[in-house]
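J.: Here it is, the structure, as structure tokens.
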Amino acid sequence: MSDTIAAPIATHAPDSARPGRIIAVANQKGGVGKTTTAINLATALAAVGKQVLVVDLDPQGNASTGLGIESARREVGTYNLLLGEIDLSAATMATPLPGLSVTPSTMDLSAAELELVDLDNREGRLRDAIHAAATRPDYVLIDCPPALGLLTLNGLVAADSVLVPLQCEFLALEGLSQLVRTIDRVKERFNPKLQIEGIVLTMYDVRNKLSSLVEDDVRSFFGDQVYETVIPRNVRISEAPSHGLPVLLYDLSCTGSQAYVHLAGELLRRRGRESSNNQSTEDRNRVETGRPETASLPVVDDTRGETE
289 MSDTIAAPIA THAPDSARPG RIIAVANQKG GVGKTTTAIN LATALAAVGK QVLVVDLDPQ
349 GNASTGLGIE SARREVGTYN LLLGEIDLSA ATMATPLPGL SVTPSTMDLS AAELELVDLD
409 NREGRLRDAI HAAATRPDYV LIDCPPALGL LTLNGLVAAD SVLVPLQCEF LALEGLSQLV
469 RTIDRVKERF NPKLQIEGIV LTMYDVRNKL SSLVEDDVRS FFGDQVYETV IPRNVRISEA
529 PSHGLPVLLY DLSCTGSQAY VHLAGELLRR RGRESSNNQS TEDRNRVETG RPETASLPVV
589 DDTRGETE
């Protein structure tokens, strides 16, 4: 058993050296753990020294709340950014965790779908705002709404890749197939470089045979695109947002937290395999050794066993 939060992340090659990997976290179905995955993956990446930005494109604003940004503090955010009123730096707020910032959702964002319709370049406004920024973090994670509209389209057009959280439930494959078709259409019309970053199984319940059946089906259809790490059904994951915290900061030792630590490690390994020849020695050493501030945090090996 490892004894640091960085261990499962740190023992393999790091992510791409090129600036700013942009990942849209998307699923056209709600309630699949999309926002939970976005904020906890971001937290795990920041914990090992990555600079991470979460862009909250969901009018519900749950990613902003889950990162400790109360609605009363959100004077500007993604709405103002999409309408071209401010730039990315002005729309972004720091979170309590060093290296992790958020472009929050505000109440006005629910009206953005209608307002974007008549604007030029309506599907590419987020992409252009991110590319125009003077500096880019190591990772930009875009939390998309659970529907295919102009907000989600902006997220997909801006992204290099799509991370798909998939709940282990009946008809999961059908919903995933619809999303893949959507990604293919966006690729053809707006963003030729868009690819699937990976599929992560969420709300996995070892007591329920359906979870393992869904896992088998998804892996048989999508193969290596499915992460080995699965996110268990875990009460601590459900509790954390009410405290304005990612579950990693709410209860690091629970299996839900540890699953997201392992997911971040797997994402970094995959990124590293794609670009291992382009890594600087400094960046490689940083990820392989972990960060001093995380050195005493515990890690568990089995992330499937606990459900409550």
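Residue numbers (this note's numbering): 289 to 596.
Note that CB positions come from ideal geometry on N, CA and C, so glycine has one too.
1. Alpha carbon to alpha carbon, how far is Gly308 from Tyr427?
2. How many Å lie between Leu402 and Asp396 at the Cα?
3. In its own chain, which residues sit with a C-beta less than 8 Å from the C-beta of Ile374, not counting the 5 before and 5 after it?
4. Helix, strand or coil for Pro529? Go by DSSP, reduced to three states.
5. Who are Gly617's beta bridge partners in DSSP?
6. For Gly308, which three-state DSSP category applies?
7. Along the alpha helix (DSSP H) that carries Thr391, what are the first and last residues, could you check?
8. Which one of Val494, Ala460 and Phe509 has the shortest CA to CA distance from Asn522?
9. Rounded to the nearest angstrom, how far is the Cβ of Tyr492 from that of Val474, given a contact under 8 Å?
10. Given this structure, state the Cα-to-Cα distance separating Ala382 from Ile357, to the nearest angstrom.
11. My guess is that Val342 and Leu333 are in contact by the Cβ rule of under 8 Å, so how many angstroms apart are they, rounded?
12. Report yes if the C-beta distance between Asn328 and Val452 is below 8 Å; otherwise report no.
13. Could you tell me which of Pro520, Gln513 and Arg361 sits nearest to Asn496, measuring between CA atoms?
14. Do you know offhand how far Arg610's Cα is from Gly387's?
15. Across the region 474-483 and the region 523-533, are there enough close Cβ pairs to call them in contact, namely three or more that are closer than 8 Å?
16. Ser508 to Gln455, Cα distance in whole Å?
17. Give the DSSP bridge partners of Leu429, in chain order.
18. Which same chain residues end up closer than 7 Å to Gln466 when comparing Cβ atoms and leaving out the 5 residues on each side of it in sequence?
19. Would a C-beta distance cut-off of 8 Å place Ala417 and Leu371 closer than the cut-off?
20. May I ask you to report which of helix, strand or coil DSSP gives Ala422?
21. In whole angstroms, what separates the C-alpha of Thr470 from that of Pro529?
22. The alpha helix (DSSP H) that contains Ile327, what's its start and end?
23. Taking DSSP as the reference, what is the three-state secondary structure of Arg524?
T.: In short:
1. The count along the sequence shown starts at 1 and reaches residue 308 at position 20. The count along the sequence shown starts at 1 and reaches residue 427 at position 139. Gly308 and Tyr427: Cα-Cα distance of roughly 5 Å.
2. The residue labelled residue 402 in the question sits at position 114 within the sequence shown. The residue labelled residue 396 in the question sits at position 108 within the sequence shown. If you take the alpha carbons of Leu402 and Asp396, they lie about 11 Å apart.
3. Taking the first residue of the sequence shown as 1, we reach residue 374 at position 86. Answer for Ile374: Val364 and Asn368, listed in chain order.
4. Residue 529 sits at position 241 when you count from the first residue of the sequence shown. In this structure, Pro529 counts as helix in the three-state DSSP scheme.
5. The chain is shown from 289 up to 596; residue 617 falls before or after that span and cannot be answered.
6. Counting from 1 along the sequence shown, the entry for residue 308 is found at position 20. Coil.
7. Residue numbering aside, residue 391 sits at position 103 when the sequence shown is read from its first letter. That residue, Thr391, is in no alpha helix (DSSP H); its beta strand (DSSP E) goes Leu388 to Thr391.
8. Start at 1 with the first residue of the sequence shown, and residue 522 comes out as number 234. Nearest C-alpha to Asn522: Val494.
9. Here residue 492 refers to the residue found at position 204 of the sequence shown. Here residue 474 refers to the residue found at position 186 of the sequence shown. No, Tyr492 and Val474 are not in contact; Cβ-Cβ is about 28 Å, not under 8 Å.
10. Counted from its first residue, the sequence shown places residue 382 at position 94. Counted from its first residue, the sequence shown places residue 357 at position 69. C-alpha separation (whole angstroms): 9 Å.
11. Numbered from its first residue, the sequence shown carries residue 342 at position 54. Numbered from its first residue, the sequence shown carries residue 333 at position 45. In fact, because the Cβ distance is near 10 Å, the residues do not count as touching under 8 Å.
12. Translated into the one-based positions of the sequence shown, residue 328 becomes position 40. Translated into the one-based positions of the sequence shown, residue 452 becomes position 164. No, the Cβ-Cβ distance between Asn328 and Val452 is not below 8 Å.
13. In the sequence shown, residue 496 corresponds to position 208, counting from 1. Checking every option, the nearest Cα to that of Asn496 belongs to Pro520.
14. Outside the shown range of the chain (289 to 596) lies residue 610, about which nothing can therefore be said.
15. no
16. Position 220 of the sequence shown, counting from 1, holds the residue named residue 508. Position 167 of the sequence shown, counting from 1, holds the residue named residue 455. Each residue's alpha carbon lies about 16 Å from the other.
17. Taking the first residue of the sequence shown as 1, we reach residue 429 at position 141. The partner list for Leu429 (beta bridge, DSSP) reads Ile311 and Val342.
18. For this step, residue 466 is matched to residue 178 along the sequence shown. Closer than 7 Å at the Cβ level, and outside the excluded window around Gln466, lie Gln316.
19. As a first step, residue 417 must be located in the sequence shown, where it is residue number 129. As a first step, residue 371 must be located in the sequence shown, where it is residue number 83. Contact: no.
20. In the sequence shown, residue 422 corresponds to position 134, counting from 1. Here Ala422 sits in coil by DSSP.
21. Sequence index remark: in the sequence shown, residue 470 carries index 182 (1-based). Sequence index remark: in the sequence shown, residue 529 carries index 241 (1-based). Between Thr470 and Pro529, the C-alpha separation is close to 30 Å.
22. Counting from one through the sequence shown, the residue named residue 327 turns up at place 39. Residues Lys322 to Ala335.
23. Sequence index remark: in the sequence shown, residue 524 carries index 236 (1-based). Looking at Arg524 - three-state DSSP - the assignment turns out to be helix.
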